[in-house]
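Working notes for the structure below.
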Amino acid sequence: MAADGVPDEMSEAAEALLAALGGEQRSLASRPFTDEAARRWIEYRPRPRPGACLADLDRTARKAAHRLLATALSPPAYAQAMAIVALEEVLDRREGWARGRHSDDYWVAVFGEPGRDGPWGWRFEGHHVSVTMTVADGVVSPAPIFLGANPHRVGYAGGTVLRPLAAEEDLARALLEAMSGADRRAAIVADLAPADIRTATSPTAGEPIEPRGVAASRLGPGARAALDRLVTLYLDRLRPELAGREYARIASGEQWFAWEGPTRPGGRHYYRVQGEDLLIEYDNTSDDGNHAHTVLRRPHGDFGGDVLSAHRAADHA
1 MAADGVPDEM
11 SEAAEALLAA
21 LGGEQRSLAS
31 RPFTDEAARR
41 WIEYRPRPRP
51 GACLADLDRT
61 ARKAAHRLLA
71 TALSPPAYAQ
81 AMAIVALEEV
91 LDRREGWARG
101 RHSDDYWVAV
111 FGEPGRDGPW
121 GWRFEGHHVS
131 VTMTVADGVV
141 SPAPIFLGAN
151 PHRVGYAGGT
161 VLRPLAAEED
171 LARALLEAMS
181 GADRRAAIVA
191 DLAPADIRTA
201 TSPTAGEPIE
211 PRGVAASRLG
221 PGARAALDRL
231 VTLYLDRLRP
241 ELAGREYARI
251 ASGEQWFAWE
261 GPTRPGGRHY
271 YRVQGEDLLI
281 EYDNTSDDGN
291 HAHTVLRRPH
301 GDFGGDVLSA
311 HRAADHA
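Numbering (UniProt numbering), first residue to last: 1 to 317.
Here's what the structure looks like:
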């Protein structure tokens with residue numbers, strides 16, 4: 001049994017989900033681990049995708065899907081995900097019910113056989129949520145994790161009713177404020193933000209993105225602490241047992257922070273944090289800066305690349 005128990009908890013939750021599914025839905029949800037096209041998949045737009053749709057499941061199976069998702073996410077991140085799911089109904093109303101969006105339009109898939117000796121994995125995904133976990137030799141590889149929000153903010157009378165990704169924006173702005181003038185000028189690399197996160201829906205973290213902006217080693221103590229808080233926010237999307245391993249993995253490497261677009265609140269903006277095997281992206285560029293995307297990826301470890309390499313090396317040895 002793994003020391004932190006999370007792989008076993010995930011396995012039990014995945015087995016409970018599959019047991020709760022009927023024949024047709026189980027065939028949709030249960031995929032071979034070798035189906036690379038379906039397994040290495042990230043899609044945060046409202047499109048069809050591999051897996052079984054929660055809208056077609058009974059109450060027991062839907063609850064099992066949510067319990068599987070909760071084995072990966074910390075309580076705050078799970079709350080964010082559920083708020084994002086609920087926003088589908090808000091967005092559908094804003095659009096005059098024209099597209100028929102639904103808070104059950106989320107899909108779950110299990111790849112391989114949980115609890116067996118071989119590698120396996122799972123994904124929970126739909127509009128603005130995509131969480132993929134891969135397990136091999138009792139180790140969980142937790143990426144990519146995408147959370148978005150449309151609308152980014154629901155307001156009333158000058159105040160905020162709901163803003164699921166508030167900290168992701170506010171901590172980045174606090175980091176800019178904590179920088180010296182020279183560091184801020186180095187960090188802001190473009191006057192206009194890109195239309196979307198650059199890795200988009202690539203099954204890899206895309207072509208290597210050149211590190212730009214300001215290096216963490218250059219920052220003063222206050223700004224460095226602010227950058228650490230921003231990175232911690234994204235790693236803390238994971239269960240503490242998983243987040244701790246990620247902290248240790250990136251602790252000694254250099255990181256870079258880059259901002260694109262205006263810095264005034266409400267403007268269309270983008271930022272990213274990069275390290276050797278760390279890529280955080282945020283954009284809020286659609287709908288006049290009221291439609292946000294965020295993602296935590298690992299250029300060398302997405303979709304279990306790290307644990308699968310170790311597994312193959314052990315088998316070869």
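The C-beta atom is built at its ideal place from N, Cα and C for all residues, glycine as well.
Where residue i falls, given that 16 or more other Cβ within 10 Å makes a residue buried
{"i": "Tyr282", "result": "buried"}
{"i": "Trp107", "result": "buried"}
{"i": "Arg99", "result": "exposed"}
{"i": "Ser27", "result": "exposed"}
{"i": "Gly121", "result": "buried"}
{"i": "Thr134", "result": "buried"}
{"i": "Arg264", "result": "exposed"}
{"i": "Gly112", "result": "buried"}
{"i": "Gly261", "result": "buried"}
{"i": "Ser130", "result": "buried"}
{"i": "Leu192", "result": "exposed"}
Limits of the unbroken alpha helix (DSSP H) element including residue i
{"i": "Ile197", "result": "Neither: Ile197 is in no alpha helix (DSSP H) and is coded neither H nor E."}
{"i": "Thr294", "result": "Here Thr294 belongs to no alpha helix (DSSP H); instead the beta strand (DSSP E) covers 292-297."}
{"i": "Glu177", "result": "166-178"}
{"i": "Ala109", "result": "No alpha helix (DSSP H) holds Ala109; the beta strand (DSSP E) holding it covers 106-111."}
Pairwise C-alpha distance: residue j and residue i
{"i": "Ala20", "j": "Asp105", "result": "18 angstroms"}
{"i": "residue 363", "j": "Ala200", "result": "The structure shown has nothing for residue 363, since the chain only spans 1 to 317."}
{"i": "Asp117", "j": "Asp137", "result": "7 angstroms"}
{"i": "Ser217", "j": "Asp228", "result": "12 angstroms"}
{"i": "Met1", "j": "Pro119", "result": "Residue placement at Met1 cannot be trusted, given a pLDDT of 39 that sits under 50; what the coordinates show is reported in the next sentence. One C-alpha to the other measures close to 15 angstroms."}
{"i": "Ala258", "j": "Arg212", "result": "6 angstroms"}
{"i": "Asp4", "j": "Ala310", "result": "19 angstroms"}
{"i": "Leu176", "j": "Ala215", "result": "13 angstroms"}
{"i": "Ala314", "j": "Gly115", "result": "19 angstroms"}
{"i": "Ser11", "j": "Asp92", "result": "35 angstroms"}
{"i": "Arg249", "j": "Gly148", "result": "26 angstroms"}
{"i": "Asn290", "j": "Val139", "result": "37 angstroms"}
{"i": "Arg59", "j": "His66", "result": "11 angstroms"}
{"i": "Gly266", "j": "Asp288", "result": "7 angstroms"}
{"i": "Phe47", "j": "Asp56", "result": "Looking at the sequence itself, residue 47 is Arg, so the reference to Phe does not match. Using only the alpha carbons, I get a separation of about 16 angstroms."}
{"i": "Glu210", "j": "Ala16", "result": "43 angstroms"}
{"i": "Leu233", "j": "Glu168", "result": "7 angstroms"}
{"i": "His269", "j": "Glu24", "result": "43 angstroms"}
{"i": "Asp35", "j": "Pro203", "result": "13 angstroms"}
{"i": "Ala14", "j": "Leu165", "result": "28 angstroms"}
{"i": "Glu95", "j": "Asn150", "result": "11 angstroms"}
Beta-carbon proximity list for residue i, same chain, < 7 angstroms, skipping 5 on both sides
{"i": "Ala172", "result": "Leu230, Tyr271, Tyr282"}
{"i": "Ala178", "result": "Gly222, Ala223, Ala226"}
{"i": "Ala195", "result": "Thr285"}
{"i": "Ile197", "result": "Glu281, Asp283, His293, Val295"}
Limits of the beta strand (DSSP E) - the one that residue i falls within
{"i": "Ser202", "result": "That residue, Ser202, is in no beta strand (DSSP E); it is neither H nor E in DSSP."}
{"i": "Ser130", "result": "129-136"}
{"i": "Thr160", "result": "159-162"}
{"i": "residue 323", "result": "It is not possible to answer for residue 323, since the shown part of the chain is limited to 1 through 317."}
{"i": "Asp283", "result": "278-284"}
{"i": "Glu260", "result": "256-260"}
{"i": "Ile188", "result": "188-190"}
{"i": "Tyr270", "result": "269-275"}
Cutoff 8 angstroms; reference residue i; Cβ partners in own chain excluding five residues on either side
{"i": "Ser103", "result": "Val85, Ala86, Glu88, Glu89"}
{"i": "Gln255", "result": "Ala215, Ala216, Leu227, Val231, Val273, Gln274, Gly275, Leu278"}
{"i": "Arg239", "result": "Val6, Thr71, Ala72, Leu73, Ser74"}
{"i": "Glu246", "result": "Pro142, Leu235, Leu238"}
Own chain residues within Cβ distance below 6 angstroms of residue i, not counting five before or after
{"i": "Arg62", "result": "Leu54"}
{"i": "Ala109", "result": "Ala29, Arg31, Pro50, Gly51, Arg123"}
{"i": "Val154", "result": "Val161, Leu162"}
Does the pairing of the stretch 180-189 with the stretch 144-164 give three or more beta-carbon distances under 8 angstroms? no
Quick one: any contact between the stretch 30-45 and the stretch 65-80, if contact means 3 or more CB pairs under 8 angstroms? no
Do the stretch 126-141 and the stretch 77-89 make contact, defined as three or more Cβ pairs closer than 8 angstroms? yes
Taking one C-beta from the stretch 134-154 and one from the stretch 294-303 each time, how about it: are there three or more such pairs within less than 8 angstroms? The stretch 134-154 and the stretch 294-303 touch, with no fewer than 3 CB-CB distances between them shorter than 8 angstroms.
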